[in-house]
Amino acid sequence: MDAFYASVEQRDNPELRGKPIAVGYAEERGVVAAASYEARRYGVRSAMASTKAKRMCPQLIFVHGRMEVYHEVSRQIHEIFHEYTDIIEPLSLDEAFLDVTENKPGILLAVDIAKEIKQKIRNELNLVASAGISYNKFLAKIASDYRKPDGLCTIHPDQAMDFIARLPIESFWGVGPVTAKKMHSLGIHNGEQLRACSQAMLLREFGKVGALYYDCARGIDLRPVEAVRIRKSIGCEHTLEKDISQRSSVIIELYHAAVELVGRLEHNDFKGNTLTLKIKFHDFSQITRSITQSKELITLDVILPLAKQLLKEVDYEHHPIRLIGLSVSNPREDTGEKGVWEQLSFEFSDWK
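Here it is as structure tokens:
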């Protein structure tokens, strides 16, 4: 979906249409959750501090989010997806992978399915969506972002290598601002330069994810579309009303985060062995610290002492804290058999 939260707000409130809006809070410590395309023209982006967004776009209109509405619209979108396939892997409320190799209507071309879905979303929900079509998830995701808003892009197998070669490194899966900066320092600015790197070099510089970069640069992504995704972690984050650096205040906030985390673990019946503490400082820099235990982390009397232990590694007295987060990961592996991967086999209409 294109600028999903903001588009829903503009749809439901005609006075907001054509104007730069941000879903979030305008208060000093607020953060932009989503920005309309009118706002993006001024450089406003999601996860940006509200004060910075307002400086970049003085006429920016802030709208409080309505998560229950977004969830309902997402459900309606998925109903449309299910008219074509049940092999749907959600990435978020507004994004999903669909495997249409064997689709319900028996439509031959994937591009025709994408066109129909886009038109149904427009007609039934009065919203605009973009679609990307290719032979694996990495390329389909790239294609979906390529011509936003209201885009439709096919990356044909015969054209994939040339397409990837031209991609800026920031467009690759898993490459955020920090990784992109390191890539640039190594002289890697696009897909062609990434492809020239050996797997050994990428593993040395970036760890396990280096193997993903190596494969993606060659158009390889063997991950199937998983209709049921195994949850790998559960966590929570608290953005504080004001920066804190006193130990007593930090411990109180850590306690509240731990209580919420335990509640989420119980609600989702999730059991993991690794606890991660995330701290974001007043200057928006952030660090994470993790610890792994042999026993499952499911109760407050186990999680809170470990969180305090991790906190000892953080110099918050000289760097006031803006956000505290806790998460549990590393769940027990499923002993069931894993499915066999098969390459998508649908036809392509043309290179677009």
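Going by UniProt numbering, the letters in the sequence shown line up with residues 1 to 352, in that order. For glycine and all other residues, C-beta sits at the position ideal for the given N, C-alpha and C.
Rounded separation between residue i and residue j - CA only
| i | j | result |
| --- | --- | --- |
| D162 | E15 | 44 angstroms |
| Q309 | N268 | 25 angstroms |
| S248 | E260 | 19 angstroms |
| S345 | I107 | Summary for S345: the model assigns pLDDT 37, below 50, so the residue's position carries little reliability; its value from the coordinates is reported in the next sentence. Computed Cα separation, rounded: 13 angstroms. |
| N24 | S144 | Residue 24 is actually Gly in this sequence, not Asn. So the two alpha carbons sit approximately 25 angstroms from each other. |
| N330 | K271 | 8 angstroms |
| F138 | W173 | 7 angstroms |
| E313 | E28 | 29 angstroms |
| E317 | T239 | 18 angstroms |
| G210 | I220 | 13 angstroms |
| G132 | H282 | 38 angstroms |
| L167 | Y146 | 10 angstroms |
| H78 | L222 | 24 angstroms |
| residue 353 | V228 | In the structure displayed, the chain extends from 1 to 352; residue 353 sits before or after that span and is not available. |
| Y37 | Q293 | 45 angstroms |
| L194 | A160 | 15 angstroms |
| Q246 | F206 | 35 angstroms |
| L297 | R41 | 45 angstroms |
| K278 | A3 | 27 angstroms |
| Y70 | I80 | 16 angstroms |
| V340 | E226 | Summary for V340: the model assigns pLDDT 34, below 50, so the residue's position carries little reliability, and this model does not support an answer. |
| T85 | L98 | 7 angstroms |
| G43 | A110 | 34 angstroms |
| Q10 | E83 | 27 angstroms |
| P320 | G176 | 24 angstroms |
| T179 | L125 | 38 angstroms |
| L186 | Y214 | 15 angstroms |
| I303 | K280 | 20 angstroms |
| A34 | A47 | 8 angstroms |
Assigned secondary structure, residue i (DSSP; H/G/I helix, E/B strand, else coil)
| i | result |
| --- | --- |
| N13 | coil |
| T190 | Looking at the sequence shown, residue 190 is not Thr but Asn. Strand. |
| K182 | helix |
| D243 | strand |
| K137 | helix |
| S285 | coil |
| E116 | helix |
| C57 | coil |
| K280 | strand |
| P157 | helix |
| F348 | The predicted model places F348 with a pLDDT of 41, which falls under 50 and marks its position as unreliable; any figure quoted below should be read in that light. Coil at F348, not helix or strand. |
| A143 | helix |
| I321 | strand |
| G339 | A caution first: G339 carries a pLDDT of 37, below 50, which makes its placement in the model unreliable, though a value can still be read off. Of the three classes helix, strand and coil, the one that applies to G339 here is coil, per DSSP. |
| P177 | helix |
| V8 | helix |
| R41 | coil |
| R231 | coil |
| E170 | helix |
| Q223 | A small fix is needed here, since residue 223 is Arg in this sequence, not Gln. It is coil, neither helix nor strand. |
| A3 | coil |
Opening and closing residue of the alpha helix (DSSP H) in which residue i lies
| i | result |
| --- | --- |
| I164 | A160 to R166 |
| H256 | R247 to N268 |
| I303 | L300 to L311 |
| L152 | First-last for L152: L152 to T154, but that is the beta strand (DSSP E), not the alpha helix (DSSP H). |
| V209 | V209 to C216 |
| E205 | Q199 to F206 |
For residue i: DSSP bridge partner residues
| i | result |
| --- | --- |
| L326 | C236 and L277 |
| P149 | P149 is not bridged to any residue. |
| L297 | G272 |
| A49 | V31 |
| I291 | L275 |
| P331 | G272 |
Residue interval of the beta strand (DSSP E) (run including residue i)
| i | result |
| --- | --- |
| V32 | V32 to A35 |
| A22 | I21 to G24 |
Residue-level contact to chain D via CB, residue i, 8 angstroms cutoff
| i | result |
| --- | --- |
| A227 | Given the protein chain composition of this structure (a single chain), no chain D is represented. |
The ligand FMN heavy atom lying under 7 angstroms from the CB of residue i
| i | result |
| --- | --- |
| A165 | Here there are no bound small molecules, and the ligand FMN is not part of this structure. |
Query - Unbroken stretches of the beta strand (DSSP E), 3 residues or longer, contained in the stretch 61–135 - result: 61–63, 88–92, 95–98 and 131–133
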